[in-house]
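Here is the structure we will look at, set down as structure tokens.
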Amino acid sequence: MEIDAFFVLSAGFGSRMGKIGDILPKPLWPVFEKTLLELQFDFYHWTGAKRKFINIHHQAKKIEKFVANHLPEVKCLYEKNLLGVGGGILNLKNNYPKLNSVLISNVDQFFFISQEKIKNEINQLYDFDAILFALPVCRSQGYNQLEISKEGQLLGINSNPSIDRYLTYSGVALINCSTIKDETKAIGLFKSIADPKKRRVKVVNGEGPYYDLGTIDLYIKQFISLLEQMKKKESGDFFEFLKKVKGVNVERMSASFNSDHSKNINEYCFRDLKITMDNEAFKLESDKLIDLYEAE
């Protein structure tokens with residue numbers, strides 16, 4: 002079985018991104034030279050999926066305009082009312098009923114699962130309705146626990162785990178759309194597509210580095226980490242990925258660091274947008290931000 006489509010989940014309000022989230026939809030937040038949305042399609046380019054989709058709601062017109070100019074091969078599925086992850090997948094199936102295998106990913110998370118592992122699991126979709134890629138976490142991080150059988154099937158979701166280390170859902174999954182028969186409605190993933198009481202759901206430990214930029218605090222943390230890696234000429238998985246897909250211009254950044262006007266490691270200009278980070282403070286010049294994205 003091959004992946005028929007890649008579906009980026011990106012229809013949230015961006016409320017976890019602070020006041021800037023009201024102006025700039027999260028899919029269009031920059032990570033140096035590219036947006037989160039562009040990076041998702043770069044990240045999973047290896048799948049060879051011929052059909053590419055995103056779901057949109059908040060600031061939908063801005064996203065549609067950006068996609069038309071920069072990602073013309075991507076289809077936008079507008080949700081008048083938010084449908085949730087499960088509802089978004091049901092809506093995709095309703096609009097494109099011939100889809101079979103679909104890979105999904107959250108727009109603000111990057112999970113470095115080995116390509117071979119995902120490819121191997123694609124063939125398992127014949128036997129399952131969904132395959133979830135899981136991430137090892139600590140209880141202090143506050144994530145839900147996936148309760149899993151010895152055979153690797155999902156049994157349930159535990160919102161109050163009693164053990165210190167366990168697996169949680171990463172936001173990446175393979176969906177067998179050929180087995181979906183529900184009508185579109187607003188519903189969560191684990192009450193629909195991955196409901197262990199009604200469907201066959203497999204859980205696989207992704208076992209790779211994980212980068213979450215889903216909140217303003219996490220975004221700042223990852224951005225500063227990337228800047229520090231560049232300053233120290235170090236590199237991690239995410240930074241190497243950015244270099245590979247031309248998501249960061251190392252020469253320009255190096256010149257900027259060595260110039261008289263940009264000695265501060267926490268200052269950088271993305272196109273015409275100045276980003277300043279100082280400890281936990283974060284500021285985007287909103288007037289330039291609005292002009293930048295309305296000009297696209």
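Residues in the sequence shown are numbered from 2 upward in steps of one, following this note's numbering.
From the three backbone atoms N, C-alpha and C, an ideal C-beta is built for every residue, glycine too.
Proximity below 8 Å, CB of residue i to CB of residue j
{"i": "Asn96", "j": "Leu72", "result": "no"}
{"i": "Lys27", "j": "Leu37", "result": "yes"}
{"i": "Phe242", "j": "Gln230", "result": "no"}
{"i": "Phe7", "j": "Lys53", "result": "yes"}
{"i": "Ala195", "j": "Leu84", "result": "no"}
{"i": "Gln146", "j": "Tyr167", "result": "yes"}
{"i": "Ile90", "j": "Ile176", "result": "yes"}
{"i": "Glu34", "j": "Lys247", "result": "yes"}
{"i": "Asn161", "j": "Glu148", "result": "no"}
{"i": "Arg201", "j": "Phe129", "result": "yes"}
Cα-Cα separation between residue i and residue j, rounded to whole angstroms
{"i": "Gly22", "j": "His59", "result": "10 Å"}
{"i": "Pro197", "j": "Gly237", "result": "36 Å"}
{"i": "Gln142", "j": "Phe112", "result": "17 Å"}
{"i": "Ile4", "j": "Asn121", "result": "12 Å"}
{"i": "Phe271", "j": "Trp30", "result": "Residue placement at Phe271 is poorly supported in this model, since its pLDDT is 49, which falls under 50; the coordinates are not used for a value here."}
{"i": "Ile132", "j": "Val205", "result": "7 Å"}
{"i": "Val251", "j": "Glu80", "result": "38 Å"}
{"i": "Leu190", "j": "Leu25", "result": "26 Å"}
{"i": "Arg17", "j": "Asp43", "result": "24 Å"}
{"i": "Gln125", "j": "Leu104", "result": "13 Å"}
{"i": "Thr169", "j": "Asp213", "result": "14 Å"}
{"i": "Ile55", "j": "Glu184", "result": "19 Å"}
{"i": "Ile225", "j": "Asn82", "result": "35 Å"}
{"i": "Ile221", "j": "Gly19", "result": "12 Å"}
{"i": "Lys308", "j": "Gly209", "result": "Examination of residue 308 is not possible in this model, given that the chain is present from 2 through 297 alone."}
{"i": "Phe67", "j": "Val249", "result": "19 Å"}
{"i": "Gln223", "j": "Glu74", "result": "29 Å"}
{"i": "Lys151", "j": "Lys234", "result": "44 Å"}
{"i": "Tyr328", "j": "Ala61", "result": "Any answer about residue 328 is impossible in this case: the structure gives the chain only from 2 up to 297."}
{"i": "Lys1", "j": "Glu65", "result": "Nothing can be reported for residue 1: it is not among the residues displayed for the chain, which extend from 2 to 297."}
{"i": "Ile266", "j": "Tyr211", "result": "Low per-residue confidence applies at Ile266: pLDDT is 43, beneath 50, and the placement is therefore not dependable enough to give any value."}
{"i": "Thr1", "j": "Gly207", "result": "With the chain covering only 2 through 297, there is no way to say anything about residue 1."}
Among the options, the one whose alpha carbon lies nearest that of residue i
{"i": "Ser106", "options": "Gly172, Arg166 and Leu83", "result": "Gly172"}
{"i": "Lys203", "options": "Gln110, Asp165, Ala174 and Gly248", "result": "Ala174"}
{"i": "Ala12", "options": "Ser115, Gly209, Asp109 and Ile123", "result": "Asp109"}
{"i": "Phe14", "options": "Ile57, Met2, Tyr45 and Asn250", "result": "Ile57"}
{"i": "Trp47", "options": "Ser115, Tyr170, Lys151 and Arg17", "result": "Ser115"}
{"i": "Lys99", "options": "Met18, Cys178 and Phe44", "result": "Cys178"}
{"i": "Lys298", "options": "Ser150, Leu104, Gly88 and Thr169", "result": "In this structure the chain extends from 2 to 297, so residue 298 is not present and cannot be described."}
{"i": "Val32", "options": "Lys233, Lys234, Leu228 and Gln125", "result": "Leu228"}
{"i": "Tyr45", "options": "Lys232, Glu117 and Lys233", "result": "Glu117"}
{"i": "Met2", "options": "Gly207, Glu65 and Ile123", "result": "Ile123"}
Residue burial classification, residue i (beta-carbon count within 10 angstroms, cutoff 16)
{"i": "Ala69", "result": "exposed"}
{"i": "Ser163", "result": "exposed"}
{"i": "Tyr127", "result": "exposed"}
{"i": "Gly157", "result": "exposed"}
{"i": "Ser102", "result": "buried"}
{"i": "Asp165", "result": "exposed"}
{"i": "Ser193", "result": "buried"}
{"i": "Lys63", "result": "buried"}
{"i": "Lys94", "result": "buried"}
{"i": "Gly49", "result": "exposed"}
{"i": "Asn92", "result": "buried"}
{"i": "Lys51", "result": "exposed"}
{"i": "Leu10", "result": "buried"}
| query | Would you say the stretch 125-140 touches the stretch 217-225, given that touching needs at least three Cβ pairs under 8 Å? | reply | no
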